[in-house]
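*Asks:* The structure follows.
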Amino acid sequence: MAAEPAAPTGNRVGVVHYRGRFGQRMNAWRKRTPLNPYWLDWKHLRDSVEAMLPHATGNLLDVGVSEGPYRDLYSPKVRQYVGLEYPQAILDKQPDMWKIANLKRLVQVFGDGARLPVLDGSIDTVLSTEVLEHVPEPRALVHEMARVLKPGGKLLLTVPFIQPLHELPSDYFRFTPSSLRVFAESAGLEVESITPRGNFASANGAMLSQWLTRSVGASKRQSDGSVILSPWRSVLLLPLTALIQIVFHLASKLSNDQAVCQGYALVARRPLVNELPR
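Letter by letter, the sequence shown follows residues 1 to 278 of UniProt numbering.
Structure below.
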């Protein structure tokens, strides 16, 4: 009989666990390079979020702020950057990150996406990255984010299309452009763009690298969907996963097939009062 997955332990970084301070420092250095087995996912998500930056203005609410990975990008562009997080999500994060000093720096508002603790029509920009898949009622969350937008305000949203299971048991959905359009339009928003993140080549490269990491490089599976890496096996795999990601990244430059991609970015606007249908 196969062993049951272990409860999450150690320091959590994405869907791989790195042990100790040295492991954390190594991950911070490798994160932006193909030596990170999740680099293709990281790069395309970061590129998508950067591409939405020109739409950000005024007061920005980051729904599901987590560690605030895009605060450095958006804070200089907006008047005020406010991070909102669900209390249970905070409890699930690595303890060191959520010490009181860090908590005050990362999260300014605590609340539930089912009813955001924000006044109607009070926010210029709502940012939410890779959050929608973790709520059991994603349409309701989109409606809430639309509710707090000022007329003319914008919703900037990213969602996955192909991703391993992660942050279990709170991983419920994957999304298509059609589902995003239905959610936005049912909330009274005008869809300005839905942009694929990567394409067939980059998605396959990301999945191959992650499969090798999880299947060959992992020493233990965790009950939340993450894995703990074997130190020696993961080091031996690094050149191979790096090469795979570089090759598929180059191949993605030659491919225009986006029937499969890593995810999508949505930009939607709340109409001005004089633009609403009579």
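Heads up, the beta-carbon is just placed ideally off N, CA and C, and yes, glycines get one too.
Within its chain, find whatever has a CB closer than 8 Å to the CB of S230; leave out the 5 residues flanking it on each side and keep chain order.
*Replies:* Within the same chain, S230 has close Cβ partners G217, A218, S219.
*Asks:* Whose C-beta lies closer than 7 Å to the C-beta of H44 among residues of the same chain, with five residues either side of it excluded?
*Replies:* R197, G198, S202, Q262, listed in sequence order.
*Asks:* Could you say if the region 183 to 192 and the region 228 to 245 meet the contact criterion of at least three C-beta pairs nearer than 8 Å?
*Replies:* Verdict: no, contact absent.
*Asks:* Taking just the CA atoms, how far does L73 sit from P138?
*Replies:* Near 26 Å, if we compare the C-alpha coordinates of L73 and P138.
*Asks:* What are the start and end residues of the alpha helix (DSSP H) that includes N204?
*Replies:* 200 to 215 is the extent of the alpha helix (DSSP H) around N204.
*Asks:* Among L254, A265, L212, N59, whose alpha-carbon lies nearest the alpha-carbon of I244?
*Replies:* Among L254, A265, L212, N59, the Cα nearest to that of I244 belongs to L212.
*Asks:* If I follow the unbroken alpha helix (DSSP H) through Q245, where does it start and stop?
*Replies:* Q245 -> alpha helix (DSSP H) spans 231 to 254.
*Asks:* What is the C-beta distance between V82 and T57, in whole angstroms, given that I count them as a contact (C-beta under 8 Å)?
*Replies:* V82 to T57, Cβ: 14 Å. No contact.
*Asks:* Just confirm the distance between the C-beta atoms of L40 and H249, as a whole number of angstroms; I'd bet it's less than 8 Å.
*Replies:* So it is a contact: roughly 6 Å between Cβ atoms.
*Asks:* Suppose contacts are defined by Cβ-Cβ distances below 8 Å. Is G153 in contact with R71 by that definition?
*Replies:* Contact flag unset, no.
*Asks:* Please go through the same chain and pick out, in chain order, the residues whose beta-carbon is closer than 7 Å to the beta-carbon of D112, but skip the five residues on each side of it.
*Replies:* Y86.
*Asks:* By a C-beta neighbour count over all protein chains shown, 10 Å radius and 16 as the cutoff for buried, is P160 buried or exposed?
*Replies:* The residue in question, P160, is buried, as its Cβ has 16 or more Cβ neighbours within 10 Å.
*Asks:* To the nearest angstrom, how far is it from the Cα of G188 to the Cα of S75?
*Replies:* Rounded to whole angstroms, G188 to S75 spans 27 Å at the Cα level.
*Asks:* Please classify A114: does DSSP put it in a helix, a strand, or coil?
*Replies:* Coil, per DSSP.
*Asks:* As a quick exercise: from E144, P164, L165, pick the residue whose alpha carbon is nearest that of L155.
*Replies:* For L155, the nearest C-alpha among the options comes from E144.
*Asks:* Assuming contact is defined by CB atoms lying nearer than 8 Å, are A184 and L266 in contact in what I supplied?
*Replies:* Taking 8 Å as the Cβ cut-off, A184 and L266 qualify as a contacting pair.
*Asks:* Would you identify the three-state DSSP class for residue 309, choosing helix, strand or coil?
*Replies:* Residue 309 lies beyond the range of the chain shown here (1 to 278); nothing can be said about it.
*Asks:* Residues in the same chain with beta-carbon distance under 8 Å from V247, minus the five sequence neighbours each way, listed in chain order, please.
*Replies:* Contacts found: G205.
*Asks:* Where V142 and L127 are concerned, what is the direct C-alpha to C-alpha distance, given to the nearest angstrom?
*Replies:* Computed Cα separation, rounded: 11 Å.
*Asks:* Once DSSP output is grouped into helix, strand and coil, what is the label at L156?
*Replies:* It is a strand residue.
*Asks:* The alpha helix (DSSP H) spanning K43 covers which residue range?
*Replies:* K43 -> alpha helix (DSSP H) spans 39 to 51.
*Asks:* Could you please give the first and the last residue of the uninterrupted beta strand (DSSP E) stretch that includes E185?
*Replies:* No beta strand (DSSP E) holds E185; the alpha helix (DSSP H) holding it covers 177 to 186.
*Asks:* Name the DSSP bridge partner or partners of S63?
*Replies:* Looking at the sequence shown, residue 63 is not Ser but Val. Per DSSP, L84.
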